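According to the numbering used here, the sequence shown is numbered sequentially starting from 1359.
Quick reminder that beta carbons are idealized off the backbone N, C-alpha and C, glycines included.
For clarity, every value in this text was computed on a predicted model and none was experimentally measured.
This report concerns only the one structure given below.
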Amino acid sequence: MNDVWNEGYFTDIGYTYGCYREINPVFQRFCLLVHGLSASESPEGQHCELGFGQGVSVNIHAAANPGHYVATDFNPAHAAHANTLSRASGSGARLYDDSFEQLLARTDLQQFDSISLHGIWAWVSRENQQYIAEFARRHLKPGGIFYNSYNCFPGWAPTYPLRQLFAVHDRYAAAPHGASERVDAALKFSEALLAANPHYLKVAPHLPEKLKAISGQDRSYLVHEYFNRDWNCMYFTDVVDALAPAKLDYACTAAPLDTVDAVNLSAEGVAFLASIDHPILREQARDYFVNQQFRKDLYVRGATRLNAAEQRERLLETRFVLLKPVDEVTLKVTGAMGEATLQEDVYAPTLAALAEKKYTPKTLRELASALPNLRWAQLQQAVVVLVGMDAVAPCHTEAITKQVQKRCTALNQHLCARAQFANDIEALASPVTGGGIGVNRFQQLFLQALSQGKKQPSDWSAYVWQILTAQNQKLVKEGKTLESAEENLAELTAQAQTFAEKQLPVLKALQIA
C-alpha cells in the first residue's frame, strides 16, 4: 500500500464491478419528477462522477446518455481500467486518477448538469468532504442535480463497534500483508472477542449474527467497506449542513420505494411525520422510524417546483419499459415494515400492458389509455413501485435512444467479448433506459454467438462450451460440478433455451440484443 498518495484509502485490492442505476440521469430526473420537482436538462448534458471505482457505471452511463462525462477515481488501476471501457464505447469520457483536491484545482472543467458519488462520502476524510462540497459549489449548474449515498445513523449505531474492531485490529495487530488475509484476520479476532462474552453483548446481542453475515461477503467489498482509515458515518442533517455552502438543497430520495408509506411506516409513524412542518426535521425523524442505515439522496442547486397539472403532464409523457419477463416479477415488495403483497388487480394488468408489443417502451399516457379501470393515483403508484423494485425503468425519448445507440452497441460488444475470459462485469448498456441492465456472463456469450449468426440455442451453448473447454472450466449446478461434456452441454442448452424464450425478448426491447 502506498501511503504517500492513498490518504488512508485501501488500494491494495480493486473495488467491485457494480453498476448503479442511481447515477443514471434518466433515473435521477424521474425521482425528482415523482416529487414534483424539475432540474436543469440540456440537450447535450454534462455530467460528473466522483469516485467511480472500476468505472463500470460511469462508462455505461457515458455511452447511454447524450453529452459528455468527466470523472475521477484516484486509484490509477481503476482509472486505467475505466479508460479501456471508455475507448471501447467511443464516448469520449474524460476519466482521471485525480484526488478530489487535484480535481478541484483543475482549470479545464465546465459546469455540470449532474454530479454524482455513490458510496464515497462516508469513506473519505472530512477534508475530502469539504473538497467535494466546494467542487459542487464551483461546478454544478443552477438547477443541477447532486446525488450522494452514504452509510448513516441511526441505523448503523448498533453495529458501528464492529467496524471499529476491524479497523483497530488492522492498525495495531501483526496482521498478514495480503488484503484478503488482513480481512480474515480482523474477522477472526472479532469473532474471538465476541465469543469471550464481553458485557457489551448485553446491549448489542445481535452482533455475533451481524458478524457472521459480514464474514460471508466478498472480500473485495469488505476491504473497501470497512478497512479504510476514514469512515465517517453521519446523520442526514450532518450531510445537509456539509452541503449547504454549495447552495445544495435536499430534494428527495433516489430510492422510489421509500416514498411508499404503506410498506415503510406504521399508521402512528405516518401521523407523527405528517405533524412536522419542516422538511429536514421530518426527513431526519423518518430515519428513526425506518432505522435508516444507507441513504440515497438527491440534492438540487435551485430546484423548480412543478404544479400538479405540469407534474402529471410530464409523467404522462415519460416512457417506461419492463426490465424482466412478466412471470419473473413477483407481486411482493419489502419495506421497513416487512413484506407486503401488491394488489393483483392493479399490478397484473399494468405488467401485462407493459409487455404488449414485445415489451416495447410505452408512455404513461399509453398505459393510462390501455388501463381505463385504474385511477390515476393507482397507476402512478404502481409505476413508482415497479421502478423501485427494479422491474421497470423510465426511458429516454426515441430520438435520444437513436442518438446513443452506436456507443452502447460498441461498449456492449467489448463487454461480451470480455466475457469469454471473465465474469466480473454483469451489465450491458441500454440506449433505451440510459443505464445498465443485468446480463450475466453466459447470457453475454449467448448474445455474442447470436451476433455471429448462430441462431439456435443449441448453437449458442456449443459456442459457450467451446470457450469453457479451452479454459478448463466446468459448470456448477446445485453445488455440484458437472464433469462430463454431455452434462455441461445439456445445462448450457437449457440455459440458452430459457434465455431465448424469456430474457432475449426483453433485451431486444431494451435495444441490447
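Using 7 Å as the threshold, is the C-beta distance between residue i and residue j below it?
i: Leu1408; j: Ala1491; result: no
i: Gln1802; j: Cys1766; result: no
i: Val1750; j: Phe1678; result: yes
i: Leu1615; j: Gly1746; result: yes
i: His1497; j: Leu1523; result: no
i: Ala1494; j: Ala1604; result: yes
i: Ser1483; j: Asp1635; result: no
i: Gln1861; j: Pro1789; result: no
i: His1426; j: Gln1412; result: no
i: Ile1825; j: Gln1761; result: no
i: Ile1758; j: Tyr1375; result: no
i: Ala1480; j: Tyr1508; result: yes
i: Val1742; j: Val1526; result: no
i: Thr1791; j: Cys1753; result: yes
i: Ser1444; j: Ala1437; result: no
i: Cys1406; j: Phe1470; result: yes
i: Thr1721; j: Glu1675; result: yes
i: Ala1446; j: Leu1769; result: yes
What is the DSSP secondary structure of residue i, reduced to helix, strand or coil?
i: Ala1342; result: The structure shown does not extend to residue 1342, since the chain is modelled only from 1359 through 1871, so no value can be given for it.
i: Val1561; result: coil
i: Pro1500; result: strand
i: Arg1540; result: helix
i: Tyr1427; result: strand
i: Ile1478; result: coil
i: Tyr1579; result: helix
i: Asn1417; result: helix
i: Leu1865; result: helix
i: Arg1357; result: In the structure as shown, the chain starts at 1359 and stops at 1871, and residue 1357 therefore has no counterpart that could be examined.
i: Asp1370; result: Here the model assigns Asp1370 a pLDDT of 48, short of 50, so the residue's position is not dependable, and the following value carries that caveat. Coil at Asp1370, not helix or strand.
i: Val1618; result: coil
i: Lys1654; result: strand
i: Cys1510; result: strand
i: Ile1634; result: coil
i: His1439; result: helix
i: Tyr1518; result: helix
i: Glu1841; result: coil
i: Ala1397; result: coil
i: Ala1613; result: coil
i: Tyr1375; result: coil
i: Thr1791; result: coil
i: Gly1409; result: coil
i: Thr1856; result: helix
i: Pro1812; result: Per the sequence presented here, residue 1812 reads as Lys, with Pro not at that position. Here Lys1812 sits in coil by DSSP.
i: Asp1361; result: Confidence is the limiting factor: at Asp1361 the pLDDT is only 45, short of 50, which leaves the residue's position unreliable, though a coordinate-based value still follows. It is coil, neither helix nor strand.
i: Asp1607; result: strand
i: Lys1832; result: coil
i: Arg1587; result: coil
Going by DSSP, which residues form a beta bridge with residue i?
i: Pro1752; result: Phe1678
i: Arg1529; result: None; Arg1529 has no bridge partner.
i: Lys1760; result: Answer by DSSP bridge pairing: none, since Lys1760 is not bridged.
i: Met1940; result: The structure shown does not extend to residue 1940, since the chain is modelled only from 1359 through 1871, so no value can be given for it.
i: Phe1470; result: Leu1498
i: Val1691; result: Ala1698
i: Leu1453; result: Ala1429
i: Gln1404; result: His1426
i: Val1741; result: DSSP output for Val1741 lists no bridge partner at all.
What does a CB cutoff of less than 7 Å around residue i pick up in its chain, not counting 5 residues either side in sequence?
i: Val1598; result: Tyr1608, Ile1638
i: Pro1566; result: Leu1552
i: Gly1627; result: Phe1647
i: Arg1663; result: Gly1394, Leu1395
i: Leu1689; result: Thr1699, Leu1700, Glu1702, Tyr1705
Excluding sequence positions up to five away, which residues of its chain have a Cβ less than 6 Å from the Cβ of residue i?
i: Asn1649; result: Gly1513
i: Leu1865; result: Ala1871
i: Ala1872; result: Nothing in the structure corresponds to residue 1872, since the chain is present only between 1359 and 1871.
i: Tyr1489; result: Phe1458, Glu1459, Leu1462
i: Trp1363; result: Below a pLDDT of 50, predicted positions are generally treated as unreliable, and Trp1363, at 40, falls in that range; the measurement from the model is reported next regardless. Nothing meets the Cβ criterion.
i: Ala1562; result: Pro1516
i: Tyr1454; result: Thr1430
i: Cys1322; result: Because residue 1322 is not part of the residues shown, which for the chain are 1359 to 1871, the question remains open.
i: Leu1744; result: Val1750
i: Gln1736; result: Val1704
Less than 8 Å between C-beta atoms, sequence neighbours within five positions excluded: which residues of the same chain meet that for residue i?
i: Leu1847; result: Ser1819, Ala1820, Trp1823
i: Glu1844; result: none
i: Thr1827; result: Ala1843
i: Phe1652; result: Ser1507, Tyr1508, Asn1509, Cys1510, Gly1513
i: Glu1841; result: Lys1832
key: Segment contact, 8 Å Cβ cut-off, at least three pairs: the region 1623–1643 with the region 1706–1717   = no
The region 1845–1854 contacting the region 1658–1671, beta-carbon criterion three pairs below 8 Å = no
contact_flag[the region 1574–1589, the region 1539–1554] where n(CB pairs < 8 Å) is 3 or more = yes
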